[in-house]
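First comes the structure, then the notes that go with it.
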Amino acid sequence: MRTSPPLRAIQAFEAFGRLGSVTGAADELGVSPGAVSQQIRKAEEFLGVQLLERRGRMLTLTSWGRLYHSAVSEGFDRIRGAGELLERARTESALTVSCLPSLAGKWLAPQLFDWQAHHLGATVRLIGAEAEARFGDEQLDFRISYGAKNRGYDHYVELFTDWVVPACSPALLERLPLRKPVDILERPLLAIEWAREHRSPPTWSEWAASIGAKYRKTSGEVAFSLSSAAIDAAINGRGFVLAQLSMAKDDITSGRLVVPFNVPLRLPDPYFLAWDRSALQKPHGAELRAWIVSIANRQEAEYSDLPRSEGVGASLGVRRGGPLG
2 MRTSPPLRAI
12 QAFEAFGRLG
22 SVTGAADELG
32 VSPGAVSQQI
42 RKAEEFLGVQ
52 LLERRGRMLT
62 LTSWGRLYHS
72 AVSEGFDRIR
82 GAGELLERAR
92 TESALTVSCL
102 PSLAGKWLAP
112 QLFDWQAHHL
122 GATVRLIGAE
132 AEARFGDEQL
142 DFRISYGAKN
152 RGYDHYVELF
162 TDWVVPACSP
172 ALLERLPLRK
182 PVDILERPLL
192 AIEWAREHRS
202 PPTWSEWAAS
212 IGAKYRKTSG
222 EVAFSLSSAA
232 IDAAINGRGF
242 VLAQLSMAKD
252 DITSGRLVVP
262 FNVPLRLPDP
272 YFLAWDRSAL
282 QKPHGAELRA
292 WIVSIANRQE
302 AEYSDLPRSE
312 GVGASLGVRR
322 GGPLG
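Counting from 1, position 46 in the sequence shown corresponds to residue 47 in the numbering used here; the numbering is continuous, with no gaps.
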């Protein structure tokens, strides 16, 4: 059983009361004046009261009409406000990307300037955060994270699976020269231990096993929860780090880090990109997603030969083979 007039009848009446004329209501609703009048009569018949009255040549609200309009206009004001809010959100040029901190600082941010140079009207907010995004509850459009965390998202795509290589500063290598890979295990080592919800990157123990050696903590380790912090410590000559290539490539290419031996190990899980579906309806949203996927594809392509003997040296210009220093 209906408890109110048809929505079209209420809409026509609300528009008339707000604009003060049948013609104005008809123009706003995209119908004829006769259709507006007909819908208002339907509302009157349903409610059993007269909503409009004629005073001379003017058509105005009755006392019942003013009372009813005051009530229904609140609801229509909210509907219009909701539409305006949605439109502002849709047309807002800012795109917010939440990303694991180290990947944000060492991989995405340095390349993001290139994307913005070709999208001058776009603003990208890059947030380094360990906590996973909750689309809808937070003002976030994209999330870049790692491993099994993709299960928490409806829309995602894998990006790339990273590799680590033993790296140190040129000064440290000059001070503590190496003759063979196993010698690294006798040098100061920097460890990386991620939060428990992520499967950590390869450890020095795993790297030692990959070269047929046993790892003993003879010189101790300093452990970092952020990969970027461990890489920065290595650049400053504090020790050797199993550096992720996605994050250390620029430092290796520039010579701030060196990789004395080509012994890479693959991370156990890939990184992924997740997104809120509404982000693709925002200006530049689809383009930003496509660009992130494209740079991840390039990253993965650089790794295609890593398990072979030419891998790291071929892609990063690292000296290989005998002792360095």
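Idealized CB from N, CA, C, for every residue including glycine.
With a cutoff of 7 Å on beta-carbon distance, leucine 281 and glycine 240 are scored as not near each other. One thing to note: serine 226 has its Cβ no nearer than 7 Å to the Cβ of leucine 266. Looking at the backbone, the Cα of isoleucine 296 and that of leucine 177 are separated by about 36 Å. Judged by their CB atoms, valine 259 and leucine 174 are nearer to each other than the 7 Å cut-off.
Under DSSP, the beta-bridge partners assigned to glutamine 245 are Val165. Secondary structure note for valine 32: it is in no alpha helix (DSSP H), with a DSSP letter that is neither H nor E. A direct Cα-Cα distance of roughly 14 Å separates leucine 141 from tyrosine 157. Straight across, the Cα-Cα distance linking lysine 181 with lysine 215 is about 14 Å. Threonine 97 sits in a strand when the DSSP states are folded into three classes.
Between leucine 243 and the set Trp276, Asp115 and Ser201, the nearest pair of CA atoms involves Ser201.
By the CB criterion at 7 Å, leucine 48 and glycine 66 fall outside the cutoff.
Per DSSP, the beta bridge partners of tyrosine 272 are Tyr147.
Annotation for alanine 123: no beta strand (DSSP E) segment contains it, and DSSP assigns it neither H nor E.
In this structure, alanine 235 keeps its C-beta atom at 7 Å or more from the C-beta atom of glutamate 194.
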